[in-house]
Each structure stands twice: as structure tokens, then as C-alpha cells.
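Each step along the sequence shown adds one to the number in our numbering, with nothing skipped, and position 274 is 308. Note that beta-carbon positions come from the ideal geometry of N, C-alpha and C, so glycine has one too. Worksheet for the structure shown next.
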Amino acid sequence: ISETGLMVGSEAVIGLPDTGEVKKYNINAQNNPGVVAMSDEKQTLIDASIRQTSTTTTLSFTKILDEPDEITIDGNGLGNFLSAYGSSNALGYHSAREPYSLDLVSGGVAENSTVTESPTGAPVKAPVEQVEPEGFESAEMVGQLEGSTLRYRVNVQDEAANGQDTLSVILTVPAVGWVSFGISETGLMVGSEAVIGLPDTGEVKKYNLNAQNNAGVVPMPDEKQTLIDASVRQTSTTTTLSFTKILNEPGEIPINRIGIGNFLSAYGSSNTLGFHSARQPYSLDFASRGVGTLDVKMQSLWKAHGWLAGIAWTFLSPMAIGASLLRKFIPGDALWFQIHRTLNILVVICTFIAFGLAVTAIHQETPSGYDPKHFNPSLADGHRTIGLVVYIFAGIQAIGGLLHPHLPKKLEADAEVGEEQAPPEKSAIRKAWEIGHRVLGFGLLGLCWYQVSLGIHVYSKMFNSGNDETAMRVFLSVIGIIGGVIFVGFIASKFTNSKTS
């Protein structure tokens, strides 16, 4: 039973011959996990059965027309339906599928259908083309919106809008939560405008998207709330946002009915407006009636930023510290120092490049005329502000390392070969520098480990990657292994020194 003739968002009665089971299902996606049996209290079929001969399978049942939270079947009108069968008794991909419509009053079919005769002389309703709302184009969404269906229609000189051109939209998503359809010049959230439906109240309004938080999602003034036939509806597994919007309105982003427009849709994990569980920018070509992905190119910058920062502070920096602490186990004249210095230089280079990528990404994500708020502590859980602190102190640490006060000549020579000798004693400046260098080094490492873990969660939220737990396990494993080896080696070196003494 379907509102549109499409699979996703429909409800079905499915019979499984091997078990004789006949149940009602919600169709949430075009795969087996998306075909979900309704709860036991909704299994209200009467005289349901599934029978087979050597060549045929017959599904029989009686269903109540109007049941709570289910698609209603109009016993006095036209209904959209969808039937399919498989190539085996195991539920899987269909070998045949067709949408069709039935007029339950006249016993006829949709206007563009045909009626044939069965061998018994009973009328058979032949399948027809997929049924869409009249004049609507349909697109199965991709990316994070996979499983969602967008239907749209341009209405030229729409009488409902006093002769202005309008766009009608029906967006169905495979979730029970708030839904939004955004109009964008860039494909980015900030600076866009959106129609948002809130199912708990049934409210559908136009909003300005001024920031990536709830406070920045602001309803337009009442005089701009010009939507026509706006509604938001839910089943137990889907939410559908419907509305008609005037294409060109004063002070709003225009939609070109004969060109390509950039749009942005999202939905939440609950009916309360908050962070999206899925979001995807895309383009609509109203001339060719096509839907395209819209690459806003920020994800690649953020991914490169994360990799560089992660490599610098998860691997390079601990190894640099380890080379210093375990210098007695590293052969060669001053080899430990060369390793320590080289790795730290790479840490600073990676950190500076990562910082530049983040600044570039934020700048490109911010529409012209808006404040990018590069280092605002209230954004990204403070990740931006911490990044600035790391950038500054990593630079200070690098400069301090290059301009360090030298050891007395004999100590300097001994240090380069990893030997410890008696005085001449280090100067007070040298001692202070060593303490400061070590404190800042370990402090930066600890702060950056927190920053990397925070970045993993921020990236997952920004792009709904869903991989934050895996990434965190890898991160913790790497620093645990490297840190453990360094700690054991350091204790061993101290024990060796004590035994020698």
C-alpha cells in the first residue's frame, strides 16, 4: 500500500511460503534491513495465508482499510499499490515488481491502465507506470539522504500564488524526526534558507540559517511565511514534508525555474529540532529534470587537516620525545638528537599545514559578508580555540628548540654521545630552558591528544561519518603502544643507570 507508488515509505503484506508466515511490514529502504515487520499489536490481518503449487504462489488476506499510523486505503476512491515477488522463498531482492492503481469504487484502474481477461474471465488490473503525484518529478536521494525520496514540480503562473511561479516539494525521509529542505547559493548551511517541518506541532515555516547551532536557525518574520499547502506527516518509520513556495520573493534566495539550483536537505533523529542525523547538499536542474550531487569540497580539506594533525601528535611527537628519553639505547654520536630534532620539525610543519587547512575550510564555508568566527570557543566544542593555542605554542616550542642555550662544551660533547659526566655544571639559563622545554613539550602533547580525540568527534558530527568509535580505538591503541614502549624503556634506562652506579 503506497501513497506514491514508490517502494520506500510504503507498507506491505508479505507472505513467506517456507514458514507460512504472513505479516505487515514497513518498507524503509531498498534492501533487506529496510523491510521491517510491524509490531505485534499492528499484525491485524484476517484469514491470512500463503499457498504454493509447483508453478504458482498465492497470497490471501483481509486488511482493515483505516488503521492508526498506517497508510489509509480509501474504499470509495483511487488507491496506489505496489506488488512484487521473488525468485525463491527466502525474502530478498524481487525478481518482478510493479506499481499500479486501483479504483475501489468502479473496480477499474488508473486512466492510463488497461484491463485484460484472465483464463477464468475475471478482470485483471494490469500494472501501470509508477504513479507519482500529477506532474511531479521524482528522485531517489544519494549520500547521507540515501533512502529518501524527493518529488518536485514547477508551477508556472500558479493561481494559488496570484500568478507567480512556484515550486512544489514532497520530501520523504526514512526517519521519524524533523525534516528540512534548504535553498542555498553555495550548498553550505550557513547563509542558506530552509523550510523546516516540526511533526510534534505540525508547524512548517521558513527559516534563516545563520549558524551551525539551534540559536542560528531563526524563523523568518510572519510577513515572509508565504508557504502554500504546507504540511508535515509521519508514519511509524517515515516523515514527509510537503509545501509549495514562491520562486522569487523579496529579500530571499531566488530559485531559477529554467536553470540549476543548489539545495540542502536534512532530517533529525527526533521531532525536536536539533543537530541533524543526515544532511546532504545537491543540485536540481529544472531544465533537464536531473538531480546531481553538489560537492562543496570542504570535507576533503577537513579530512586532510585531521590526518596531518593526527600523524603529527599521535606518532611523530611521541617518537620525538621517545628519542630523547631513550637516548642511551640509540647508537651513534648524537643520533638521538638528530632524530629528536627532525621529528619535531616534522611535527611543526604538519601542525602549521593542518592549521592553514582549517582556516581555509572555515573561510570557504562562510558565505560572503558573514563572520567566519575562526577561533570562537563556543563552536566545535572549543576545538577551534584549542587549535589556535596549539599553533602558537608549537611555534614557541620550535623557536625555543632552535635557539636553546648551549651546554658547557664538555657536557655538550658528552650529551651528543649519550654519556653522563661530572661538571662543569649547566648554567642557570640552561637549566631553566630544559625545564620549560620539557613542561611545554609534555603539556602540548597532552593537550593535542585531547584535541585529536575532540576532532574525531567533531568530524563525525559534521559529516555523519559514523566512524568516530573506530577512529578513537585506533587513536588510543597507537598512543597506548608508543607510550607504553617509551615508558618501559625509560624505566629500564633508569634501572641500568642505578645498577651502573
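- Bounds of the beta strand (DSSP E) holding Thr278 are 273 to 280.
- The C-alpha of Gln485 is placed about 59 Å away from the C-alpha of Leu93.
- The beta-bridge partner set that DSSP reports for Gly293 is empty.
- In the DSSP assignment, Ser334 falls outside any beta strand (DSSP E) and within the unbroken alpha helix (DSSP H) covering 332 to 345.
- DSSP, read as helix, strand or coil, puts Ala63 in coil.
- The residue from Pro352, Gly489, Leu437 with its alpha-carbon nearest to that of Leu478 is Pro352.
- When Cβ pairs closer than 8 Å are counted between the two stretches, the segment 266 to 282 is seen not to touch the segment 245 to 255, the count staying below three.
- Taking C-beta separations shorter than 8 Å and ignoring five residues to either side along the sequence, the partners of Thr278 in its chain run Asn189, Asp192, Ala194, Ala195, Thr200, Leu201, Ser202, Val203, Leu261, Ile262, Asp263, Ala264, following chain order.
- Burial check for Ser334: the Cβ neighbour count within 10 Å stays below 16, so the residue is exposed.
- Under the criterion of beta carbons closer than 8 Å, Ile61 and Ser44 qualify as touching, at roughly 5 Å.
- Residues Leu488, His491, Val492 of the same chain have their beta carbon placed closer than 8 Å to that of Asp415, with the five preceding and five following residues left out of the count.
- Scanning the segment 54 to 109 for uninterrupted beta strand (DSSP E) segments of 3 residues or longer gives 55 to 61, 69 to 71, 80 to 86, 91 to 96, listed from N- to C-terminal end.
- Counting along the chain, no beta strand (DSSP E) covers His417; the unbroken alpha helix (DSSP H) around it starts and ends at 417 to 436.
- Look at the segment 182 to 207 and you find these whole runs of beta strand (DSSP E), each 3 residues long or longer: 183 to 192, 198 to 207.
- Here the alpha carbon of Asp137 sits roughly 36 Å from the alpha carbon of Ile292.
- The beta carbon of Ala505 lies closer than 7 Å to those of Ile490 in the same chain, with the five residues before and after it left out.
- For Ile262, the pairing in a beta bridge is given by DSSP as Thr278.
- Approximately 6 Å separates the beta-carbon atoms of Ser218 and Phe297; this is inside 8 Å, confirming the contact.
- Ranked by how close their Cα comes to the Cα of Asp52, the residues Pro67, Val69, Ser83 have Ser83 in first place.
- Relative to the Cα of Leu377, the nearest Cα in the group Tyr186, Ile387, Gly356, Val424 belongs to Gly356.
- Counting only residues of its own chain and dropping the five nearest sequence neighbours on each side, Val423 has a CB closer than 8 Å to the CB of Leu481.
- Less than 8 Å divides the Cβ of Asn244 from the Cβ of Val224.
- For Val210, the secondary structure class from DSSP, reduced to helix, strand or coil, is coil.
- Taken in chain order, the whole alpha helix (DSSP H) runs of length 4 or more contained in the segment 456 to 510 are 462 to 497.
- In this chain, the alpha helix (DSSP H) harbouring Gly356 covers 351 to 359.
- For the pair Ser303 and Val266, the Cα-to-Cα distance works out to about 15 Å.
- If the five residues before and after Ser527 are omitted, its C-beta is found closer than 6 Å to the C-beta atoms of Lys362, all from its own chain and listed in chain order.
- For Glu283, the closest alpha carbon among the candidates Gln259, Gly295, Tyr301 is that of Gln259.
- CA-CA distance, Gln86 to Glu237, rounds to 49 Å.
- In terms of CA proximity to Val70, Gly126 leads the group Thr89, Leu380, Gly126, Val393.
- Only buried fits Phe215, as 16 or more other CB atoms lie within 10 angstroms of its CB.
- Annotation: Gly421 to Lys57 spans about 55 Å, alpha carbon to alpha carbon.
- At a Cβ-Cβ threshold of 8 Å, Leu436 and Ile387 do not count as neighbours.
- For Asn378, the three-state secondary structure derived from DSSP is helix.
- Excluding residues up to 5 positions away in sequence, Gly489, Tyr493 lie with their Cβ nearer than 7 Å to the Cβ of Gly340 in the same chain.
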